[in-house]
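Reviewing the structure listed below.
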Amino acid sequence: MKPLARVLIANRGEIACRVIAACRELGLRSVAVYSDADAEALHVRLADEAVAIGPSEPARSYLAIDRLLGAAEKTGCDALHPGYGFRAESADLAAACAERGVVFVGPTAAAIRTMGDKRAARALAREAEVPVVPGYEGGIEGAGRAAAAIGWPVLVKAALGGGGKGMRRVDDAHGLDEALAAAARIARSSFGDASVYLERYLEDARHIEVQVLGDGRGGAVHVHERECSLQRRHQKVIEEAPAPALDPALRDRMCAAAARLAARVSYRSAGTCEFLLAPDRQFYFLEMNTRIQVEHPVTELTAGIDLVKAQFRIAAGEPLPAQESIAPRGHAIEARLTAEDPVRGFLPQAGPILRFDVPNLPGIRLDSGFARGDTVPADYDSLLAKVIAWGADRAEALGRLRIALDGTIVHGPGTNLELLRFLVRHPRVIAGELTTQLLEAELLPSFLARAAGPVPPVLLAAAAIAETLGGAGAAAAAEGATGGGSDADRVDPFHRLGRFRIGGA
Amino acid sequence: MRLSYRHGERLHEVEVSPLGEGRYTVAIDGVELHLTVRKNGETLELGDHHGVVRVWVTADRDRRFVTAPGFGDVRLDRIDPRSLGRGARGDLPSDLASPMPGRVVKVLAAPGDEVKQGQTLLVVEAMKTELAILAPRDGRVARVAAAPGTMCEAGKPLVELEES
Chain D
1 MKPLARVLIA NRGEIACRVI AACRELGLRS VAVYSDADAE ALHVRLADEA VAIGPSEPAR
61 SYLAIDRLLG AAEKTGCDAL HPGYGFRAES ADLAAACAER GVVFVGPTAA AIRTMGDKRA
121 ARALAREAEV PVVPGYEGGI EGAGRAAAAI GWPVLVKAAL GGGGKGMRRV DDAHGLDEAL
181 AAAARIARSS FGDASVYLER YLEDARHIEV QVLGDGRGGA VHVHERECSL QRRHQKVIEE
241 APAPALDPAL RDRMCAAAAR LAARVSYRSA GTCEFLLAPD RQFYFLEMNT RIQVEHPVTE
301 LTAGIDLVKA QFRIAAGEPL PAQESIAPRG HAIEARLTAE DPVRGFLPQA GPILRFDVPN
361 LPGIRLDSGF ARGDTVPADY DSLLAKVIAW GADRAEALGR LRIALDGTIV HGPGTNLELL
421 RFLVRHPRVI AGELTTQLLE AELLPSFLAR AAGPVPPVLL AAAAIAETLG GAGAAAAAEG
481 ATGGGSDADR VDPFHRLGRF RIGGA
Chain F
1001 MRLSYRHGER LHEVEVSPLG EGRYTVAIDG VELHLTVRKN GETLELGDHH GVVRVWVTAD
1061 RDRRFVTAPG FGDVRLDRID PRSLGRGARG DLPSDLASPM PGRVVKVLAA PGDEVKQGQT
1121 LLVVEAMKTE LAILAPRDGR VARVAAAPGT MCEAGKPLVE LEES
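Chains as they are written, first to last, in this note's numbering: chain D, 1 to 505; chain F, 1001 to 1164.
As structure tokens, this is what we get:
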């Protein structure tokens, strides 16, 4: 296989920036694509070249396979990296790349198709002796009896779905027919196929997933696990590696199961096997994500493996790292900074970023899709950046993340920053006692109750004093390029005025 | 200097009295703080006898963004005191506006339509989230200032209702 030279990055935002960084390290030329809404976006500025591919609607730009491949052809790219989201898990894109002789930096179309059908993925998992959540994949006629046998409550899921979309919980036989019909409707409109299946709903489970790398020839290694139990509506908010819940024996069994499954589909590139861990410490395969994940940095920081570079190396035909050589160290935690307002039902926010600072501190990594002065468009998902902390152990990583989030400033679009700050100091999070329901059932209500409290007086005082400082007033305080970190007499920014301090841990 | 800020539903009155040499008295809703103030680069350092906290303030028209590590963030709207009377009478941003900038995906009302309270008039989408704009009361649609596929700003009314 000849080495790669020029890569089309078929994505935007932080993951496009992340892939561009890997290209630069590997000496590959990076070609960004952009919609009208992203003409001045950070990924466009960072790439070696950039190609306009259409209007801001995703269907006519980032999702349009012909436009992506047209851009690759026009710029002479010999490879395409899909990132995550958009067409990353589209077998059609992988197949179209193969047809045109463009290397798809990801799995084969066949592996994407197999794992994309959750019933096929479950069947394959059973063959590979990987436990799956008890479920039912047969016809509608038998669903009622099957659900009773599985045990209530059950989940109705779309066969071609994923990430929780269109999923419905049913508590008894009463609501089953209606839930099946509704799920089938959503499955047809969202995934083009009305097939659904049933799974037992596991209470108080944890979300644990295993990173794998496959060579496409039946070889596969695992790069250990991540825990992503802190979720809202199946969207992960905070992720970490290693999983606090696992002991070495259970970790070995879960990681080996994931590698077995990846080998079974002759998986190529980076992928993730998602599991639920029940309170009785049984684990069950949920689905495989056939792409790089948002939360890949926590694995990179602990395992010391650059997963995006690994994807390129595998795409160029290089061998996998040896399993024995993969020995994670320390602990890493990621917080997803999104342009959503948790106080108003996580309403998406957009608009210009007037100020954006994440403190540069030991053990902190920032993967961002935006810089100060950029505008967050309303057309795409709300992820602004990921703040990732590494520490020798979990307490050190969490402490570093707490300090980094406290010192992070985003002025402009509303964000979830206050929620993140609340989460990293919550006793349940500190104790590592997580479940997939914890955030929505317990943590979010107590955050919202606190957010409804009074404004700290120091913040009102500062706003008012800024107005009095000359004609420009507060605006003057907004000018200047940096956080002014080099002053010799710098005052510790984390020193607190005890008197103004408000409640909360 | 007397200033008024709105935070969510609440109004706050702040009076700033400079005493010279970087010393200030700030009364917030009648409660006094005695502070020292120093500009350091683009930040303000506010001190009292407990210590010093660094604060970032950004202004954008009437909006103020304030962050202080350890105290969190706040977004405030500076209110012109003369407009307070109006505000108090409920002349706040229309509930027939999108609360977020986005794209109008559906227009379900046309001028002349009689609509019921709670009826969906428009659907706006931003960042994969669809939001229905509902009729806040019964009435007749006087004007629709949105077409499917067009972008909309936050707070700008998209539909006008009149008494039917």
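Note that CB positions come from ideal geometry on N, CA and C, so glycine has one too.
According to the neighbour-count rule (16 or more other Cβ atoms, all chains shown, within 10 Å of its Cβ), is residue i buried or exposed?
i                : result
A441 of chain D  : exposed
T302 of chain D  : buried
L1092 of chain F : Because L1092 of chain F carries a pLDDT of 34, less than 50, the predicted location of this residue cannot be relied on, and no value is offered for it.
I314 of chain D  : buried
Q231 of chain D  : buried
E1009 of chain F : exposed
G473 of chain D  : Reliability of the predicted coordinates at G473 of chain D is poor, the pLDDT of 42 falling under 50, and no value is obtained from them.
D252 of chain D  : exposed
R281 of chain D  : exposed
N416 of chain D  : buried
T338 of chain D  : buried
G161 of chain D  : buried
K118 of chain D  : buried
L1019 of chain F : exposed
V1144 of chain F : buried
K236 of chain D  : buried
L423 of chain D  : buried
Which one or two residues does DSSP pair with residue i in a beta bridge?
i                : result
I1133 of chain F : F:L1122
P1018 of chain F : F:Y1024
Q235 of chain D  : D:R232
H331 of chain D  : D:G391
F104 of chain D  : D:L80
D1048 of chain F : F:G1051
R18 of chain D   : BP columns for R18 of chain D are empty, so no partner.
W1056 of chain F : F:T1043, F:T1067
S30 of chain D   : D:V7
M288 of chain D  : D:C273
E340 of chain D  : D:P348
K165 of chain D  : DSSP lists no partner for K165 of chain D.
Y136 of chain D  : D:L198
If I'm right that residue i touches residue j with Cβ under 8 Å, what's the distance once you round it to whole angstroms?
i                : j                : result
D36 of chain D   : P55 of chain D   : 5 Å
T1043 of chain F : W1056 of chain F : 6 Å
R268 of chain D  : G216 of chain D  : 3 Å
G1139 of chain F : V1115 of chain F : 6 Å
H296 of chain D  : L307 of chain D  : 5 Å
R355 of chain D  : T1150 of chain F : Their Cβ separation, rounded to whole angstroms, is 30 Å, which puts R355 of chain D and T1150 of chain F out of contact at 8 Å.
A322 of chain D  : A262 of chain D  : Incorrect: roughly 16 Å between the Cβ atoms, too far for contact.
A316 of chain D  : L4 of chain D    : 5 Å
T272 of chain D  : V210 of chain D  : 7 Å
Taking Cβ positions, are residue i and residue j nearer each other than 7 Å?
i                : j                : result
L1076 of chain F : H1034 of chain F : no
L198 of chain D  : G144 of chain D  : no
D171 of chain D  : P153 of chain D  : yes
V212 of chain D  : H222 of chain D  : yes
E334 of chain D  : V376 of chain D  : no
A88 of chain D   : R402 of chain D  : no
G432 of chain D  : W390 of chain D  : no
C77 of chain D   : V105 of chain D  : no
Q1119 of chain F : A1142 of chain F : no
A205 of chain D  : L276 of chain D  : yes
R1064 of chain F : A463 of chain D  : yes
D374 of chain D  : I409 of chain D  : no
L180 of chain D  : R169 of chain D  : no
Could you check where the alpha helix (DSSP H) with residue i kicks off and where it finishes?
i               : result
G70 of chain D  : 65-74
K309 of chain D : 307-315
R264 of chain D : 248-264
L198 of chain D : Premise fails: L198 of chain D lies in the beta strand (DSSP E), 196-200, not in any alpha helix (DSSP H).
E99 of chain D  : 91-99
R185 of chain D : 176-191
I150 of chain D : 143-150
H296 of chain D : 296-303
L124 of chain D : 118-127
H43 of chain D  : 42-46
R12 of chain D  : No alpha helix (DSSP H) holds R12 of chain D; DSSP gives it neither H nor E.
For the beta strand (DSSP E) that contains residue i, what are its first and last residues?
i                : result
D357 of chain D  : 355-357
K1039 of chain F : 1031-1040
T272 of chain D  : 268-277
R1103 of chain F : 1102-1107
Are there any heavy atoms of the ligand COA lying less than 6 Å away from the beta-carbon of residue i, as far as the coordinates show?
i              : result
A64 of chain D : This structure lacks the ligand COA, and indeed carries no ligand of any kind.
Would you say residue i lies against chain A (beta-carbon separation less than 7 Å)?
i                : result
R1064 of chain F : Absent here is chain A; the protein component of the structure consists of chains D and F.
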